[in-house]
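Okay, so here's the structure we're looking at.
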Amino acid sequence: MDTAADDTVTDGSRGAREGLPGDSRKERPPRDLRTWLPSLPDAARPYLPALALYAVTKLVGLAVFASLLEYAGDYKGKNPRFGGGAHWWDVLATWDGWWYLQVAEHGYSPSLVRLGGDGLFTVQQNSVAFFPLYPALIRMVSETTGLGLYGSGILVSVVFSFVAAAGIFAVVRLIAGARAGTVAAGLWAVAPGAGVEWAVYSESLFVAIAAWACYAVMTKRWVAAGLLAFTAGLNRPTSAVLIGAVGLAALVTVARPSGRREHGVRGPVYAMVVAPLGLLGYIAWVGYSTGEATAYFTLQREGWAHFFDYGAYTLDVLRNLAVGKGDYVFAFSTPDLLSLQLVLALPFLIALMLRKKPPLVLVAYTLATIITVLGTQQMFGNTMRYLLPAFPLLLAPAAALARLKLPSLAVFFTTAALASGWYAHYVIFELGVP
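Numbered by our numbering, the letters in the sequence shown go through residues 1 to 434 in order.
Dropping the structure here:
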């Protein structure tokens with residue numbers, strides 16, 4: 001019995017040392033570091049290169065922007081509401097950012113206060129000109145996380161900029177492949193006007209909604225498309241172009257027998273009905289709250305001098321710039337010249353986009369965005385920012401750049417990221433009015 005017991009102990013010890021199958025005490029090989037990292041769903045993995053490229057290029061551009069601000073030092077002497085502040089990062093919450101933070105902190109006080117006279121501004125500016133979704137998210141994040149309103153605004157913009165980059169990747173991938181989608185996300189990071197993507201501005205949120213709404217239409221997810229367009233209507237007045245594009249795509253689908261067979265009728269009709277409700281609801285609320293049905297449009301026209309003039313203002317700017325004059329409203333030489341170059345490139349970019357034969361929703365959304373921007377009186381230097389949502393214009397350049405080898409792409413994006421700190425950030429915040 002003692003011998004048997006000794007044999008058992010000996011065998012068990014040998015089994016522990018050798019790691020016999022089924023023995024819980026067996027030695028395990030050291031785990032690779034990658035196995036300790038949280039695993040990602042397979043569907044998320046294709047997005048990682050695009051998001052990584054976007055993050056790196058944005059960080060480089062932001063670093064250059066900060067360096068230029070510190071080198072010039074002009075922001076320290078400016079009003080904290082108009083491009084100034086105690087620190088360079090305060091600049092990211094000035095201009096429109098100041099208004100968004102006011103809404104997040106105090107809410108709305110709708111009113112139309114007449115200033116009298118016949119000048120450019122005859123109505124006092126009011127915060128209801130800024131739609132509620134973005135400031136509501138700022139307030140919600142602040143109350144949830146304990147961050148201040150400024151930090152919450154930056155956080156919302158940064159997070160949704162990545163959502164937007166992912167949406168741009170998803171859309172372009174469907175047409176030109178994953179590599180082109182990755183390049184497109186990187187191009188959006190260095191596009192003219194991209195400085196507002198990581199500022200207290202609503203562009204990142206809007207483009208995130210718009211890109212995924214277009215993707216939903218392209219993948220026959222009509223309910224999602226309608227809800228996203230509805231949400232966009234609570235974010236910006238220019239959501240009208242997205243609402244119109246989704247509605248047009250749905251209408252054409254229902255009108256075609258093949259579309260009805262493939263998509264059904266309920267989904268597209270739902271998208272058409274729901275999409276405009278957010279925008280119309282907010283404009284109606286402003287009218288009801290002020291006692292004037294057209295109060296929102298009056299405020300935009302007489303308080304901010306923004307109104308659709310069928311391109312008269314744009315034509316006037318182009319004429320003046322062509323002969324080296326600045327005899328037009330809202331003249332800012334450097335931003336205006338950069339915006340002029342972008343406007344001159346638009347026909348070429350549109351033609352290249354159409355050669356890729358994108359779906360109707362992308363064509364309608366892009367062309368309507370361009371017509372709205374060029375057909376409206378507003379600060380011409382902001383054309384770079386106003387065209388930032390027209391991400392389908394990146395389709396053809398992304399497809400072309402995707403054919404380059406990695407070293408060439410690295411050189412291109414390094415150069416573009418460094419330069420973007422000036423033309424996409426510093427120019428619009430310090431040399432113009434974003």
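Backbone N, C-alpha and C define an ideal beta-carbon position, used for all residues, glycine too. Please read all numbers here as calculations on a predicted model, not as lab measurements.
Item	Value
Exposed or buried, what is Asn126 when buried is set at 16 or more other beta-carbons lying within 10 Å of its beta-carbon?	buried
Which one of Ala170, Val183, Pro359 and Ala136 has the shortest CA to CA distance from Ser408?	Val183
Look up Gln102 in the DSSP assignment and say whether it is helix, strand or coil.	helix
When DSSP builds the beta bridges, which residues end up paired with Thr145?	Thr145 is not bridged to any residue.
Would the beta-carbon of Val91 fall within 8 Å of that of Leu68?	no
Would you please state the rounded distance, in angstroms, between the beta carbons of Pro358 and Ile175? I believe it to be under 8 Å.	6 Å
Determine the DSSP secondary structure at Thr376, reduced to helix, strand or coil.	strand
Could you tell me which of Arg256, Tyr47, Pro46 and Val113 sits nearest to Gln300, measuring between CA atoms?	Val113
Confirm, please, whether the CB-CB distance from Phe131 to Glu302 is below 8 Å.	no
Rank Arg260, Cys214, Thr294 and Ala104 by C-alpha distance to the C-alpha of Ser202 and give the top, closest one.	Ala104
Output the boundary residues of the alpha helix (DSSP H) element that contains Pro257.	Pro257 to His263
So for Phe308, helix, strand or coil by DSSP?	strand
Measure the alpha-carbon distance for Arg34 versus Ala44 and round it to whole angstroms.	Note on Arg34: pLDDT 48, under 50, position unreliable in the model; the coordinate value appears next. Each residue's alpha carbon lies about 17 Å from the other.
Exposed or buried, which one is Tyr423 when buried takes at least 16 other CB atoms within 10 Å?	buried
Tyr71 to Trp89, Cα distance in whole Å?	14 Å
Let me make sure I understand the geometry here. Which of Ala166, Gly324 and Val190 has the alpha-carbon closest to that of Gly181?	Ala166
Which parts of the region 126-173 are runs of the alpha helix (DSSP H), unbroken and 4 residues or longer, counting only runs that do not cross its ends?	133-145
Can you have a look at Arg403 and say buried or exposed, based on whether 16 or more other CB atoms are within 10 angstroms of its CB?	exposed
List the endpoints of the continuous alpha helix (DSSP H) containing Phe429.	Val427 to Glu430
Roughly how many angstroms separate the alpha carbons of Ile168 and Gly186, rounded to a whole number?	10 Å
State buried or exposed for Ser24, treating a residue as buried only when at least 16 other CB atoms are found within 10 Å of its CB.	Unreliable placement is indicated for Ser24, whose pLDDT of 44 sits below 50; no coordinate value is reported for it.
Could you check if Gln377 is buried or exposed, using at least 16 other CB atoms within 10 Å of its CB as the buried criterion?	buried
So what does Val123 bridge to, in DSSP terms?	Arg114
For Lys76, does the three-state DSSP call read helix, strand or coil?	helix
Counting only runs that start and end within the region 298-361, where is the alpha helix (DSSP H) found for 4 or more residues in a row?	312-322 and 333-355
Can you name, in chain order, every residue of its own chain whose Cβ lies under 7 Å from the Cβ of Phe429, other than the five neighbours on each side?	Gly83, Val91 and Gly195
Mind checking whether Ala245 and Ala368 have CB atoms under 8 Å apart?	yes
Flag this pair as touching only if the region 219-228 and the region 342-350 have three or more C-beta atom pairs under 8 Å; answer yes or no.	no
What is the residue span of the alpha helix (DSSP H) that Tyr215 lies within?	Glu203 to Met218
Starting from Thr383, trace the alpha helix (DSSP H) in both directions and tell me its first and last residue.	Thr383 to Tyr386
Around the C-beta of Met140, are 16 or more other C-beta atoms found within 10 angstroms, so that it is buried, or is it exposed?	exposed
What residue does the alpha helix (DSSP H) around Arg179 start on, and which one ends it?	Ala178 to Ala189
Just to confirm, does Ile283 get its C-beta within under 7 Å of one of the non-hydrogen atoms of the ligand ATP?	This structure lacks the ligand ATP; in fact it carries no ligand of any kind.
Would you tell me roughly how many angstroms separate the C-alpha atoms of Ala93 and Leu62, rounded to the nearest one?	14 Å
Looking at Ile154 and Val200, is the spacing between their C-beta atoms short of 8 Å?	yes
Using alpha carbons as the reference points, say which of Ala229, Leu59, Thr314 and Gly324 lies closest to Thr414.	Leu59
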